[in-house]
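Per this note's numbering, the sequence shown starts with residue 17, numbered consecutively. This report refers to the structure that appears directly beneath it.
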Amino acid sequence: MKIAVIGAGSWGTTVACLAAQRHGTVLWARRPELAETINEERRNEQYLPGTEIPYSLTVTSDLETAVRGAELLVMGVPSHGYREVLSRAAAVVPEEAAVLSLSKGIEQGSLTRMTEVSREELPDHDPNIIGVLSGPNLAREVIAGQPAATVIAMNNVPRARAIQQVFMSPSFRVYTNTDVIGCEIAGALKNVMAIAAGMARGLGFGDNTLATLITRALAELTRLGVAMGGEPRTFAGLAGIGDLIATCVSSQSRNNRVGTELGRGRSLEDIIDEMDMVAEGVKTTRAVLDLAERHGIDMPIAHQVGRVLYEQARPRDAVLALMTREAKAEN
17 MKIAVIGAGS WGTTVACLAA QRHGTVLWAR RPELAETINE ERRNEQYLPG TEIPYSLTVT
77 SDLETAVRGA ELLVMGVPSH GYREVLSRAA AVVPEEAAVL SLSKGIEQGS LTRMTEVSRE
137 ELPDHDPNII GVLSGPNLAR EVIAGQPAAT VIAMNNVPRA RAIQQVFMSP SFRVYTNTDV
197 IGCEIAGALK NVMAIAAGMA RGLGFGDNTL ATLITRALAE LTRLGVAMGG EPRTFAGLAG
257 IGDLIATCVS SQSRNNRVGT ELGRGRSLED IIDEMDMVAE GVKTTRAVLD LAERHGIDMP
317 IAHQVGRVLY EQARPRDAVL ALMTREAKAE N
């Protein structure tokens, strides 16, 4: 099987390395100098410092070369650039190729999920072979061979099972699921909640606070996900609570890091300026709030994250607003 992985960030590179263990795999890097460096030095120091890249993985900055003839197209591009990159590749994407999104975000303005973007940019493609890979997958731990698991959500079950075997290894367990909407929404929403968790950390709050926040965050993303067509059980699985926990408790999470620095009193602009990777939650929060309004869903944690990100509210005031809401039954 020829596999094309589009996007040489930390997770795209990691997924490409997993695939290259058994299959011919090409990794596309937007910057020619990064592609050249990885090919020559077998390192991607900017995104995965200290990690050896296998010689079985080819890296190119030529998008058509990467995509042409692929049986599996893996899109590891952030949500804000996803459509533009896929539209450039669309003419050479084979009709029979399965398309798998790694992106955990919502397109601004249109409020579309990345699988929906894929269907729009590949209108002749079978929508049942367009899916998503999502779970508690911190790239540095996965590439280091630490035990982890993920979910491939795709409506075409035989194709999902074939792709499952591409990435399975003794240290990386892959499950399948047909709930594309639920897995995709859970992955996008958890980034918003990770910012909230980071703010709690930055304010110096402890484990009780974090456990409370994660539990109520799960309630919020489940409400919205189900309203959008997801299945409730998905949010109790790897793509839901699993990914939420990993992102909310780990300092490796970019979104968590943004929240932590906000909680310590730094400005969003300064935090973003010093980061060399995308924190999807910063932009996704606005889209999530728009989706919540569209579907009539109450999302108080996401609302307070939005106030901090876009209205310069103080994180401590956002916490106070959450804690002093009207008393109600747990649901």
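Note that CB positions come from ideal geometry on N, CA and C, so glycine has one too.
Helix, strand or coil at Y71 according to DSSP, with G and I counted as helix: Stepping through the sequence shown from its first residue, residue 71 is reached at position 55. Three-state result, Y71: coil.
I317 and A233 closer than 7 Å at C-beta: Numbered from its first residue, the sequence shown carries residue 317 at position 301. Numbered from its first residue, the sequence shown carries residue 233 at position 217. The answer is yes: Cβ separation under 7 Å.
Beta strand (DSSP E) containing I22: first to last residue? As a position in the sequence shown, residue 22 is number 6, starting the count at 1. Where I22 is concerned, the enclosing beta strand (DSSP E) stretches over 18-22.
Take every Cβ of the segment 40-53, pair it with every Cβ of the segment 70-77, and state whether three or more of those distances are shorter than 8 Å. yes
Just curious, the beta strand (DSSP E) that R189 is in, first and last residue? One-based indexing of the sequence shown puts residue 189 at position 173. From DSSP, the beta strand (DSSP E) with R189 extends over 188-193.
With 16 as the cutoff for other CB atoms within 10 Å, does G281 come out buried or exposed? The sequence position of residue 281 within the sequence shown is 265, counting from 1. Under this definition G281 is an exposed residue.
What are the complete alpha helix (DSSP H) segments, minimum 4 residues, inside the segment 126-170? Those alpha helix (DSSP H) runs which fall completely within the segment 126-170 and span 4+ residues are 130-137, 155-159.
Alpha-carbon to alpha-carbon, L154 and L338: Sequence index remark: in the sequence shown, residue 338 carries index 322 (1-based). Sequence index remark: in the sequence shown, residue 154 carries index 138 (1-based). Pairing L338 with L154, the inter-Cα distance amounts to about 29 Å.
Beta-carbon within less than 6 Å of T301's beta-carbon, same chain only, minus the 5 sequence neighbours each way: which residues are those? Walking along the sequence shown from the start, residue 301 turns up at place 285. Hits under 6 Å: V208, V321, G322, L325.
Evaluate I288 with the Cβ neighbour count: other Cβ atoms within 10 Å of its Cβ, from every protein chain shown; 16 or more gives buried, anything less gives exposed. The sequence position of residue 288 within the sequence shown is 272, counting from 1. It is exposed - the Cβ of I288 has fewer than 16 other Cβ atoms within 10 Å.
Among residues of its own chain, excluding the 5 on either side of T67, which ones have a beta-carbon nearer than 6 Å to its beta-carbon? Residue mapping note: residue 67 aligns to position 51 of the sequence shown, counting from 1. Here the set comprises I159.
Spell out a yes or no on whether the segment 122-141 and the segment 326-333 are touching, meaning 3 or more CB-CB pairs, one atom from each, closer than 8 Å. no
C-alpha distance - R84 paired with A165, whole-angstrom precision: By 1-based counting over the sequence shown, the position of residue 84 is 68. By 1-based counting over the sequence shown, the position of residue 165 is 149. Whole-angstrom Cα-Cα distance: 29 Å.
Neighbour-count burial assignment, V196, 16 or more Cβ in a 10 Å radius: Reading the sequence shown from its first residue, position 180 is the one you call residue 196. Counting Cβ neighbours within 10 Å, V196 comes out buried, since at least 16 surround it.
Coil, strand or helix - L219 by DSSP: In the sequence shown, the residue the question calls residue 219 occupies position 203. L219 falls in the coil class under three-state DSSP.
Extent of the continuous beta strand (DSSP E) run through M291: Within the sequence shown, numbered from 1, the residue matching residue 291 stands at position 275. No beta strand (DSSP E) contains M291, which DSSP labels as neither H nor E.
V101 versus N55 - alpha carbon distance: Working through the sequence shown from its first residue, we reach residue 101 at position 85. Working through the sequence shown from its first residue, we reach residue 55 at position 39. Going by the C-alpha atoms only, they are around 22 Å apart.
Nearest by alpha-carbon distance to V90: which of A176, L260, D140 is it? Working through the sequence shown from its first residue, we reach residue 90 at position 74. Considering only alpha carbons, the answer is A176.
Run of the beta strand (DSSP E) containing A114, from where it starts to where it stops: One-based indexing of the sequence shown puts residue 114 at position 98. Note, A114: beta strand (DSSP E), 114-117.
Inter-residue Cα distance where the pair is H319 and T231: If you number the sequence shown from 1, residue 319 lands on position 303. If you number the sequence shown from 1, residue 231 lands on position 215. Their Cα atoms are separated by approximately 16 Å.
Simplified DSSP state of I197, which is helix, strand or coil: As a working note, residue 197 is residue 181 in the sequence shown. Helix at I197.
Distance between V21 and L50 (C-alpha atoms, nearest Å): In the sequence shown, residue 50 corresponds to position 34, counting from 1. In the sequence shown, residue 21 corresponds to position 5, counting from 1. Their Cα atoms are separated by approximately 15 Å.
How would you label P163, buried or exposed, when you count the other beta carbons within 10 angstroms and need 16 or more for buried? Within the sequence shown, the letter at position 147 stands for residue 163. By the neighbour-count rule (16 or more Cβ atoms within 10 Å), P163 is not buried but exposed.
Decide if R310 is buried, meaning its Cβ has at least 16 other Cβ atoms within 10 Å, or exposed. Stepping through the sequence shown from its first residue, residue 310 is reached at position 294. That one is exposed.
D259 and K299 closer than 7 Å at C-beta: On the sequence shown, residue 259 is found 243 positions in, with the first residue counted as 1. On the sequence shown, residue 299 is found 283 positions in, with the first residue counted as 1. For D259 and K299, no; Cβs fall outside 7 Å.
Can you tell me where the alpha helix (DSSP H) with T41 in it begins and where it stops? As a position in the sequence shown, residue 41 is number 25, starting the count at 1. T41 -> not in any alpha helix (DSSP H); beta strand (DSSP E) instead, spanning 40-44.
Assuming G297 and I168 make a contact with CB atoms under 8 Å, what is their CB distance in whole Å? Mapped onto the sequence shown, residue 297 falls at position 281. Mapped onto the sequence shown, residue 168 falls at position 152. The Cβ separation is near 23 Å, so there is no contact.
Looking only at its own chain, which residues have a Cβ that is under 8 Å from the Cβ of I261, when we skip the five neighbours before and after it? Residue mapping note: residue 261 aligns to position 245 of the sequence shown, counting from 1. The answer, listed in chain order, is P152, I230.
CA-to-CA distance, L219 to V190, given in whole angstroms: For the purposes of this step, residue 190 is taken as residue 174 along the sequence shown, with counting starting at 1. For the purposes of this step, residue 219 is taken as residue 203 along the sequence shown, with counting starting at 1. Going from the Cα of V190 to the Cα of L219 covers about 36 Å.
Need the endpoints of the alpha helix (DSSP H) that V83 sits in, please. Stepping through the sequence shown from its first residue, residue 83 is reached at position 67. That run of the alpha helix (DSSP H) goes 79-83.
With a threshold of 6 Å on Cβ separation, who are the neighbours of E277 within its own chain once the five nearest residues in sequence on each side are excluded? Locating residue 277 in the sequence shown gives position 261, where the first residue counts as 1. Same-chain partners within the cutoff: I287.
One question on the structure: do G203 and E247 come within less than 7 Å of each other, judged by their Cβ atoms? Counting from 1 along the sequence shown, the entry for residue 203 is found at position 187. Counting from 1 along the sequence shown, the entry for residue 247 is found at position 231. Their beta carbons are not under 7 Å apart, which means G203 does not touch E247 by this criterion.
Whole-angstrom C-beta distance between G147 and G92, which should lie under 8 Å: In the sequence shown, counting from the first residue as 1, residue 92 sits at position 76. In the sequence shown, counting from the first residue as 1, residue 147 sits at position 131. Actually they are not in contact, since the Cβ atoms of G92 and G147 sit about 14 Å apart, beyond 8 Å.
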